[in-house]
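One line per chain: the protein sequences are A and B, in this order. All residue numbers for the first sequence refer to our numbering, where the first residue is 27 and numbers rise by one. All residue numbers for the second sequence refer to our numbering, where the first residue is 27 and numbers rise by one. Note that beta-carbon positions come from the ideal geometry of N, C-alpha and C, so glycine has one too.
2 protein chains.
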Amino acid sequence: MNSLPKQLPPYIKNENGELWLTEDERENLKISYRIKDIIFSDQSPFQHVMILDSYDFGRMLVLDGVIQTTSIDGHIYNEMISHVPLQFHPSPKKVLIIGGGDCGAAREVAKYKEVEEIHMVEIDEMVVNVCKEHLTDVSGNLSDPRVKFMYTDGVAFIKEHANTYDVIIIDSSDPVGPAKELFSYEFYSNVYRALKDDGLMVCQSQSPIFHMDVLKQTHANINKLFPYSTIYTATVPTYPGGLWSFTIGSKIPLSLSESKLMPTDTKYVNADVLKQCFQLPQFMKQQLL
Amino acid sequence: MNSLPKQLPPYIKNENGELWLTEDERENLKISYRIKDIIFSDQSPFQHVMILDSYDFGRMLVLDGVIQTTSIDGHIYNEMISHVPLQFHPSPKKVLIIGGGDCGAAREVAKYKEVEEIHMVEIDEMVVNVCKEHLTDVSGNLSDPRVKFMYTDGVAFIKEHANTYDVIIIDSSDPVGPAKELFSYEFYSNVYRALKDDGLMVCQSQSPIFHMDVLKQTHANINKLFPYSTIYTATVPTYPGGLWSFTIGSKIPLSLSESKLMPTDTKYVNADVLKQCFQLPQFMKQQLL
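So, in structure tokens, the structure goes:
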């Protein structure tokens, strides 16, 4: 414990010699993770950034006290937000990722040889740098020359591009603070404009258990803009409620090609998961379809 | 807060006038739920039994401080442990439930008109009584005359029956304390014997994230005893890790009949979920199949 800073970051408490991170963004639910070590802790211009080493989930990226991704389950989210849209696109050459500072989505996209350019637009350079250095289980210490990092506001960036991308992945944090605009109708309409004529987008659309309102609104917005849309789910253990939703908007009909190769080194997604993730539980069908 | 007992039960703390239940059965992960009210709290001969009213999950059954089921997500677990095996059996007439004191599984089984007898073998009568009275969102205040309650030890009960049941549902708590024997090879071999020649069983087999060892051992035991076995999953928000597994052992080939009717009043399971729940993520396939 010699590496501990003299003053503990907010969100972390020392209880009888044990360090605990408590997530309390929900008013009536707190999840506490026992921490081995604080690897990195600093305030960026945008948020408080930590890399923690936890007992149950390995290393974690924590922004403003909220876990974003971990060594143990980060791949579930990152594989699902990347491979599903890429499997739908007939020939993804130019991919834009908005957010995704942990680099996990870019790492998954880079597994497709046909992809020529990956533009990563992340507002917070500190997040990318610490994930590349300290969270390599998730980031893979990404150094693929096809990835171009742009540290700027995704909302402003998207307005300046039209008919440019094959696939756009919106890998945002929760719709509070800086990420709020990434859930707006105006933003999605700019995403539509930035896509090529056969392009498609995906976004994380929150927990169907706790934020059905956000999922409903996101799906309604995307469904209004795009001729084709669909919702899929995955189970992400460190996200409250476990069940997580993603929404796709597409300019072309959504059909999975049997001939499209899935990278062989995935840990969660496979051809079976690709088929099952669109089969929604009854309460979601009733409220959404 | 006038209804509060003078002395708070263990597991519940009063923090600045707010009541919080903290689940800490895992050493390095604590989940805390804010509680509106303690509806029931008493020690049975087997365990400490509580019904709590929580802010995020409604009423909860809590045994020895561990949440077993809630108003908000209890149906997910209960529908999945009941409808999946019943959909596989060509003609389920006599069903045994071991455990399942919240009555939710019995409630789901009772939705099948072809079922003639439902034997509920639960060791703790207090659990059944308080769930029938105080947790009706889960129990449905079950009063179906086909359900026969037997308050006895499932391990002893199963030894005394041979060639008796079409479907056996093992709805146990975690494999610690009284439920430990319900995960043993000897117990499953007695379950095999208690099933008719075309019978099948299902058990909950814990979290693939945190207890892959339990799932592996359970699957190995069942796979050794039964000619046909399979694993399926569901997402249960109040179980640590979210993703939960179930294992089926069957004396007959497992095939879903298109003609078999699914009850129309389910909230989670439907024909789509029935097909997708057997499609396992890659890490489970690699370790189990």
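Within 9 Å of the CB of Tyr59/B, the CB atoms of chain A belong to Asn54, Leu55 and Lys56, in sequence order along the chain. Pro307/A counts as buried, since no fewer than 16 other beta carbons sit within 10 angstroms of its beta carbon. 8 Å or more divides the Cβ of Ser117/A from the Cβ of Glu134/A. For the pair Ser255/B and Thr273/B, the Cα-to-Cα distance works out to about 7 Å. Excluding its 5 nearest sequence neighbours in each direction, Lys277/B has C-beta neighbours in its own chain below 7 Å: Leu221, Asp223, Asp224, Gly225, Leu226, Phe252 and Pro253, listed in chain order. As for any beta strand (DSSP E) of minimum length 3 sitting wholly inside the segment 181 to 264 of chain B, the runs are 191 to 197, 221 to 230 and 254 to 261, ordered along the chain.
Taking 7 Å as the Cβ-Cβ cut-off, the segment 93 to 114 of chain A has no residue approaching chain B. In this structure, DSSP gives Asp90/B a state outside helix and strand, which the three-state scheme calls coil. Sequence-distant Cβ neighbours of Ile235/B in its own chain, meaning closer than 7 Å and more than five residues away, are Gly267 and Leu269. Residue burial is scored here from C-beta neighbours: Val173/B has at least 16 other C-beta atoms within 10 angstroms and is therefore classed as buried.
Under the Cβ criterion of 8 Å, Ile38/B is not counted among the residues facing chain A. Boundaries of the alpha helix (DSSP H) harbouring Thr162/B: Thr162 to Ser165, taken from the DSSP string. Distances from the CA of Leu280/B to each of Gly126/B, Thr261/B and Ile257/B were compared; the closest alpha carbon is that of Ile257/B. Residue-level contact check: Ile278/B does not touch chain A, since none of the beta carbons of chain A fall below 8 Å from its beta carbon.
Collapsing the DSSP output to three states places Asp50/A in a strand.
Contacts between Leu306/A and chain B, judged by CB atoms closer than 7 Å, involve Asp298 in chain order.
For Asp82/B, at least one C-beta of chain A is nearer than 8 Å to its own C-beta. What Ile235/A touches in chain B, judged by beta-carbon distance under 8 Å, is Ile98, Asp99 and Pro263, going in chain order. For Gln230/A, there are no C-beta contacts with chain B under 7 Å, since the nearest C-beta of that chain is about 16 Å from it. Taking 4 residues as the shortest admissible run, the segment 61 to 146 of chain A contains the following complete alpha helix (DSSP H) segments, listed from N- to C-terminal end: 100 to 114 and 130 to 135.
Taking the beta carbon of Tyr294/B as reference, the chain A residues within 8 Å of it are Pro307, Gln308 and Phe309, listed in sequence order. Counting along the chain, the unbroken beta strand (DSSP E) around Val173/B starts and ends at Val173 to Met176. Contact between the segment 189 to 196 of chain B and the segment 120 to 130 of chain B is present, with at least three C-beta pairs closer than 8 Å. Look at Glu284/A here: in three-state DSSP terms it is coil, with no helix or strand label. Note: Asn40/A is bridge-paired with Leu45/A in the DSSP secondary-structure output. Beta-bridge partners assigned by DSSP to Gly275/A: Met227/A and Ser255/A.
For the set Ile38/A, Lys56/A and Phe72/A, the Cα lying nearest the Cα of Ile65/A is the one of Ile38/A. Neighbours of Lys301/B across chain A, judged by C-beta separation under 9 Å: Lys301, Gln302 and Gln305.
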